[in-house]
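Numbered according to the working numbering, the sequence shown spans residues 24 to 126.
We put the beta carbon where it would ideally sit given N, CA and C, even for glycine.
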Amino acid sequence: TQHHVRVILSGLDMDFRGEPFGPMPHLMTIAEEIIKLHAICMICGNEASHTQRLIDGKPADYDDPVIMVGASEVYEARCRNCHEVPRRNGRHYLLKNTYQVQT
Numbered sequence: 024t025q026h027h028v029r030v031i032l033s034g035l036d037m038d039f040r041g042e043p044f045g046p047m048p049h050l051m052t053i054a055e056e057i058i059k060l061h062a063i064c065m066i067c068g069n070e071a072s073h074t075q076r077l078i079d080g081k082p083a084d085y086d087d088p089v090i091m092v093g094a095s096e097v098y099e100a101r102c103r104n105c106h107e108v109p110r111r112n113g114r115h116y117l118l119k120n121t122y123q124v125q126t
């Protein structure tokens with residue numbers, strides 16, 4: 024028996040570093056339709072697709088844990104140009120279609 028069930032998911036596809044997060048990248052590859060919503064960048068007002076983690080008002084370092092339980096961090100929307108990840112040291116991930124490419 025085949026069940027015709029519509030499944031609607033929401034979640035973050037990237038972490039504060041701008042890298043693939045959790046199961047979302049995999050789920051997006053098997054989805055028939057993807058609707059990505061964007062916020063407004065808190066710095067320049069452009070369309071924002073990144074999440075900026077701030078700790079004590081400063082961007083979180085690349086080496087900070089991806090998941091922080093009970094911490095006092097704050098998040099805000101940022102565009103690609105205003106998103107900052109100190110101490111990334113050249114580690115960048117680019118998403119092209121559904122593939123991850125490290126440069």
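{"Check": "Reduced DSSP secondary structure (H/G/I, E/B, other) of Ile53", "Outcome": "helix"}
{"Check": "Residue closest to Arg29, alpha-carbon to alpha-carbon, out of Ala54, Asp87, His73", "Outcome": "Ala54"}
{"Check": "Distance, Ser33 Cα to Asn112 Cα", "Outcome": "31 angstroms"}
{"Check": "Through-space distance from Leu50 to Phe44, alpha-carbon basis", "Outcome": "11 angstroms"}
{"Check": "Straight-line Cα distance separating His73 from Pro48", "Outcome": "15 angstroms"}
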